[in-house]
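Pasting the structure below:
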């Protein structure tokens, strides 16, 4: 149990809300940075695409309906062609891109194939269906406007090279705002990581940080605290079942009393409170324990040498639960992003 003389009355200064001097809000704006590539991606996938279906009969080239190509601020134009090949076939296409004036501005050939079958290896087997029948063409047209594609079927054969009778269906998709989705997602993830590191550097930094853990029911520290920023005080306690349980164990209580006291170098009591805190049960496999925690913000306008003391009751439930350790964490010079409840510590009188 806690030892030493204890003040008879509680000293609980009224709480107030932290002011502008304790708030640092500009890092909140960095939360918008990871959203920028995601918004670009969302805008790109939300815009409509132009779709057509071309049927190649092998006798004369198929000409698509006019589609609009334009180069804008979001992404770049992309033309996608995909042939609907039957299994175990191959093809060769000749493609011409025709501008609004009726002139051919780009010519290229495209080969494709599709293979389907059954594989066997070391007594195992399965099916496969592989193909390479899609073309993606990214370009920036010199002149925007209505363009068209002329597609001719130069070759269409089976796996043995024997010609196959047409027709062959080819789908056409025109996207004027194509973006690299993988690059945008990676950019968003890296930006979010950098923002996280910035927040740790701003809100996780302080003038000093002291942590004390003792295998007792009382933890005490003497420190010089105060000045710009806040003092964050956290108390954490862990209870466990004893090695030798009592003969008549009682159920653990739902709440325990934390006694917190702060005094200056001359012994003047700045804070003395008894707080009722919930006792949380935790489990991991066959291990059981209980935790109690409290966190609060304090303000000392001037650097002052103070003594902090926290104590928890031990044992509980007629010896059925014992305090394993109590931990005291003190951080001085803390800033926050949002207003928090603060207890100002002032000398009596």
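In the numbering used here, the protein residues as written are 24 to 372.
All C-beta atoms in this analysis are idealised placements derived from N, C-alpha and C, irrespective of residue type, glycine included.
Bear in mind that the values here come from a model prediction, so they are computed numbers and not experimental data.
The DSSP-derived three-state label of residue 47 is coil.
Assignment of beta-bridge partners to residue 345 by DSSP yields 263.
The beta carbons of residue 330 and residue 302 sit no closer together than 8 angstroms. About 17 angstroms separates the beta carbon of residue 119 from that of residue 82, a gap too long to meet the 8 angstroms contact definition. Closest in alpha carbon position to residue 164, among 90, 153, 49, is 90. Contact between the segment 109–125 and the segment 197–211 is absent: fewer than three C-beta pairs spanning the two stretches fall below 8 angstroms. Bridge pairing for residue 367: 322 [DSSP].
Beta-bridge pairing by DSSP links residue 153 to 138. Scanning its chain for C-beta atoms nearer than 7 angstroms, with the 5 sequence neighbours on each side dropped, one finds around residue 181 the residues 111, 112, 187, in chain order. Per DSSP, the continuous alpha helix (DSSP H) segment holding residue 215 begins and ends at 204–226.
A straight line joining the alpha-carbon of residue 69 with that of residue 281 spans about 56 angstroms. Residue 167 and residue 92 do touch by the CB rule: their CB atoms are close to 6 angstroms apart, below 8 angstroms. Under the Cβ criterion (8 angstroms, minimum of three pairs), the segment 47–56 does not count as touching the segment 298–318. Where residue 100 is concerned, there is no enclosing alpha helix (DSSP H), although the beta strand (DSSP E) around it starts and stops at 99–106. Between the beta-carbon of residue 107 and that of residue 159 there is about 17 angstroms, and that puts the pair past the 8 angstroms contact cut.
The C-alpha of residue 269 is placed about 46 angstroms away from the C-alpha of residue 230.
Residues of the same chain with a CB within less than 7 angstroms of the CB of residue 79, apart from the 5 flanking positions on each side, are 85, 174, 176, 189, 190, 191, 193 in chain order.
Put simply, the backbone Cα of residue 317 is about 15 angstroms away from that of residue 235.
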